[in-house]
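A.B. asks: I have a structure I would like to understand better, so I am pasting it below and will then ask my questions one at a time.
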Amino acid sequence: KSGNNLLSKNISGLTVYKTDAKLTFKDMLGLWRVRLGIKRNSYLVKPGIYCTGNPDPDSMVFVSANYKLSFDNLRSSLVGINAWILVLDTKGVNVWCAAGKGTFSTEEIINKLSEFKVGQLINHKKLIVPQLAATGVSAHDVLKLSGYRVIFGPVRAQDISSFLKNGMKSTKEMRAVNFGAKDRAVLIPIEFIGTLKYILAIIAAFIIFKYTKMNFINLRDTVAFSGAFVIAAIIVPLFLPWIPGRAFSLKGFFAGIIWMLAMTAWNLSPGSIMQNGIKAASANTGGTSYFNLQKFFYGNWLPFLLLTLAYLMIIPAISAFFALNFTGSSTYTSLSGVKKEMKITLPYFISALCVGAVLLIIRFLVQTFIM
Amino acid sequence: MKLKYLKNVASLNINCCKCTGCGVCVDVCPHEVIGIVGKKAVIIDLDSCMECGACLKNCPFEAISVSKGVGCAIAVLNSRKNNGECCC
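So this is what it looks like as structure tokens:
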């Protein structure tokens, strides 16, 4: 369901849908909904010819993907402009991804030009195509195969009016894709939601252990391990430029180490296992006999050491691996680079988690049978 | 602040013999990787190349080569598993 009313008019026997530059409250709700990852695969508009204002045969034709966010972004930048919009069938996917996947392509443009008989509406043969479609659209091939000249418009629709005033030429700034704080921030909700299933699994495990009275992981451990995902999904994207390392997994690793140290410090504070162990040991005998020292040693330091090592294995590995995941939403990572990162990070993640799990098991056994 | 990814991994290459200096690659590149120097296209910032393939697609003279792909971790994992594509 597209969500925009399809008012249409008949021009030269063709159906042209009317749209405008105004974004309604419903449009904004839709924007936030897809930014949360909710039903973003079905947020689309019907392919076809649309118009803003009252275009005539000399008016410009802007080519768009049929992801509604892309379409809304384009039309809201056409305030006061009379234009045609040719909406392709990109399967509800945005410009850049669709171009990469081959749905915003040379072929798609040529097919839709003839399917919608665009030539009957205009006197010229120019198409303004978003620059990020260049991955899938070959301007010289479109010219050769259809006679239409592709002019690549600015990366951001917001720059369209400046672009038009500049004689349909992009400046250096209009051609550059940035990844600033706001760009990164809007991606965080969906990144975080992607980690929720793991966080909920950890919480569920903790609850089960609590009810079966098995002290395998306690509340602080649950916070520590869940926090590793939050580090990867929220902290790393937010502070990306300032965390050391160019590799995303390395950034996740450093951020994870900081979190791990914080959680270890928390475990040293009153109420933690070690403190409780000390209180328990001294309450039992009040003395310093060999037996008590042994109990003191095995009761306090060993579980704490095992837990700290387990944290060291598990937390940075989770943060590193899931920070690497953010490359999928980022605008400057290359496939070659991600492959290189994955080659190192995947084995590290798997082995570190295994060692960490073993350490947790040993700690559990020490606490249960020796303490 | 221009964010840069890993050093020296991008597979971008320009054949200066085939290049005519038309500049279309410069127009379509999202990260100012290519510049026209002495009437030829030259890589001026390799580490900013994300291998999107826009330059490759739009060079009328086939002067550019790059291993085009999506820099997405899940896509890399999926392609290892089942020769499949990315999740979206």
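These protein sequence lines are chains A and B, in that order. Residue 201 in the working numbering sits at position 201 of the first sequence, and the numbers go up by one each step. One rule links them: number in the working numbering = place in the second sequence (from 1) + 371. Just so it is clear, CB atoms sit at the ideal spot from N, CA and C, and this is done for glycine as well. Because the structure is a prediction, the values reported are computed rather than measured.
Determine whether the beta carbon atoms of residue 315 of chain A and residue 185 of chain A lie at a separation below 8 Å.
C.D. replies: For residue 315 of chain A and residue 185 of chain A, no; Cβs fall outside 8 Å.
A.B. asks: Compute the distance between the beta-carbons of residue 45 of chain A and residue 87 of chain A, then report whether it is under 8 Å.
C.D. replies: Going by C-beta atoms, residue 45 of chain A is nearer than 8 Å to residue 87 of chain A.
A.B. asks: In the DSSP assignment, what residue or residues form a beta bridge with residue 199 of chain A?
C.D. replies: Its beta-bridge partners do not exist; DSSP assigns none.
A.B. asks: Starting from residue 346 of chain A, trace the alpha helix (DSSP H) both ways and give me its first and last residue.
C.D. replies: Here the alpha helix (DSSP H) through residue 346 of chain A covers 335 to 369.
A.B. asks: What's the call for residue 109 of chain A, buried or exposed, on a 16-neighbour Cβ count within 10 Å?
C.D. replies: Label assigned to residue 109 of chain A: buried.
A.B. asks: Let me see if you follow: with CB-CB separation under 8 Å, is residue 282 of chain A close to chain B or not?
C.D. replies: Residue confidence for residue 282 of chain A is low, a pLDDT of 49 falling below 50, so the modelled location carries little weight; the figure read from the coordinates is stated next. So no, residue 282 of chain A is outside the interface.
A.B. asks: With a CB to CB cut of under 7 Å and the five nearest residues on each side skipped, what residues in its chain are close to residue 312 of chain A?
C.D. replies: These residues qualify, in order along the chain: 260.
A.B. asks: From this set, A:340, A:41 and A:112, which residue's C-alpha is nearest residue 63 of chain A's C-alpha?
C.D. replies: Closest by alpha carbon: A:112.
A.B. asks: Starting from residue 130 of chain A, trace the alpha helix (DSSP H) both ways and give me its first and last residue.
C.D. replies: Counting along the chain, residue 130 of chain A falls outside any alpha helix (DSSP H), though it belongs to the beta strand (DSSP E) covering 126 to 130.
A.B. asks: Quick one: is residue 13 of chain A near chain B, going by C-beta distance under 8 Å?
C.D. replies: No, no contact with chain B.
A.B. asks: Is the beta carbon of residue 392 of chain B closer than 8 Å to that of residue 411 of chain B?
C.D. replies: A contact, by the Cβ cut-off of 8 Å.
A.B. asks: Using beta-carbon positions only, say whether residue 85 of chain A and residue 52 of chain A come within less than 8 Å of one another.
C.D. replies: Yes, the Cβ-Cβ distance between residue 85 of chain A and residue 52 of chain A is below 8 Å.
A.B. asks: Counting along the chain, where does the beta strand (DSSP E) carrying residue 78 of chain A start and finish?
C.D. replies: First-last for residue 78 of chain A: undefined, no H or E at that position.
A.B. asks: Can you tell me where the alpha helix (DSSP H) with residue 426 of chain B in it begins and where it stops?
C.D. replies: Where residue 426 of chain B is concerned, the enclosing alpha helix (DSSP H) stretches over 425 to 429.
A.B. asks: Using alpha carbons as the reference points, say which of B:438, B:439 and B:386 lies closest to residue 414 of chain B.
C.D. replies: Residue B:386 is the option with its Cα nearest to residue 414 of chain B.
A.B. asks: Can the beta-carbon of residue 478 of chain B be found less than 8 Å from the beta-carbon of residue 195 of chain A?
C.D. replies: Chain B is shown from 372 up to 459; residue 478 of chain B falls before or after that span and cannot be answered.
A.B. asks: Which residues in the same chain as residue 35 of chain A place their Cβ atom closer than 7 Å to its Cβ, once the five residues preceding and following it in sequence are excluded?
C.D. replies: Contacts found: 186, 189 and 190.
A.B. asks: Here's the rule: buried if 16 or more other CB atoms are within 10 angstroms of the residue's CB, otherwise exposed. What is residue 56 of chain A?
C.D. replies: Exposed, because fewer than 16 other Cβ atoms sit within 10 Å of the Cβ of residue 56 of chain A.
A.B. asks: Return the CA-CA distance between residue 400 of chain B and residue 177 of chain A, expressed in angstroms with no decimal places.
C.D. replies: Spanning the two alpha carbons is a distance of roughly 9 Å.
A.B. asks: Can you give me the Cβ contacts of residue 169 of chain A inside the same chain, cut-off strictly under 8 Å, excluding the 5 residues immediately before and after it?
C.D. replies: For residue 169 of chain A, where only same-chain residues beyond five positions count, the Cβ hits under 8 Å are 163.
A.B. asks: Spatial neighbours of residue 417 of chain B within its chain, please: CB distance less than 6 Å, with the 5 preceding and 5 following residues excluded, ordered by chain position.
C.D. replies: Within the same chain, residue 417 of chain B has close Cβ partners 381.
A.B. asks: Relative to the C-alpha of residue 220 of chain A, which residue among A:213, A:233 and A:202 is closest?
C.D. replies: Cα-wise, what sits closest to residue 220 of chain A is A:202.
A.B. asks: In angstroms with no decimal places, state the Cα-to-Cα distance between residue 439 of chain B and residue 422 of chain B.
C.D. replies: Distance between the alpha carbons of residue 439 of chain B and residue 422 of chain B is about 5 Å.
A.B. asks: What does residue 43 of chain A touch in chain B if you count any residue whose Cβ is under 7 Å from its own?
C.D. replies: Simply none; closest approach about 13 Å.
A.B. asks: What three-state label does DSSP hand residue 87 of chain A in the structure shown?
C.D. replies: Correct three-state label for residue 87 of chain A: strand.
A.B. asks: Which stretch, first to last residue, makes up the beta strand (DSSP E) that contains residue 7 of chain A?
C.D. replies: Here the beta strand (DSSP E) through residue 7 of chain A covers 7 to 11.
A.B. asks: Please confirm if residue 325 of chain A has its CB atom under 8 Å from at least one CB of chain B.
C.D. replies: Cβ-Cβ to chain B under 8 Å: yes for residue 325 of chain A.
A.B. asks: Within 10 angstroms of the Cβ of residue 367 of chain A, are there 16 or more other Cβ atoms? Answer buried if so, exposed if not.
C.D. replies: Residue 367 of chain A comes out buried.
A.B. asks: Report the rounded CA-to-CA distance for residue 302 of chain A versus residue 309 of chain A, giving the unit in angstroms.
C.D. replies: Rounded to the nearest angstrom, the two C-alpha atoms are 11 Å apart.
A.B. asks: Along chain A, in chain order, which residues have C-beta atoms closer than 8 Å to that of residue 380 of chain B?
C.D. replies: In chain order: 334, 336, 337 and 340.
A.B. asks: Under 9 Å, CB to CB, which of the residues in the segment 402 to 419 of chain B have a partner in chain A?
C.D. replies: Within the segment 402 to 419 of chain B, the residues whose Cβ lies closer than 9 Å to some Cβ of chain A are 402, 403, 418 and 419, listed in chain order.
A.B. asks: Note down, in chain order, every chain B residue with its Cβ under 9 Å from the Cβ of residue 172 of chain A.
C.D. replies: The answer, in chain order, is 403.
A.B. asks: Under 8 Å, with one C-beta from each stretch per pair, do the segment 210 to 219 of chain A and the segment 327 to 336 of chain A reach the 3-pair mark?
C.D. replies: No, the segment 210 to 219 of chain A does not touch the segment 327 to 336 of chain A.
A.B. asks: Between which two residues does the alpha helix (DSSP H) carrying residue 51 of chain A extend?
C.D. replies: Residue 51 of chain A -> not in any alpha helix (DSSP H); beta strand (DSSP E) instead, spanning 48 to 52.
A.B. asks: Keeping to the same chain, check which residues put their C-beta closer than 6 Å to that of residue 7 of chain A; ignore five residues upstream and five downstream.
C.D. replies: Excluding residues within five positions, the ones whose Cβ falls inside 6 Å are 18.
A.B. asks: Taking only the alpha-carbon atoms, compute the straight-line gap between residue 279 of chain A and residue 349 of chain A and give it to the nearest angstrom.
C.D. replies: Since pLDDT at residue 279 of chain A reaches only 49, below the 50 mark, its modelled position is unreliable, and the value read off the structure follows with that caveat. The straight-line gap from Cα to Cα measures roughly 37 Å.
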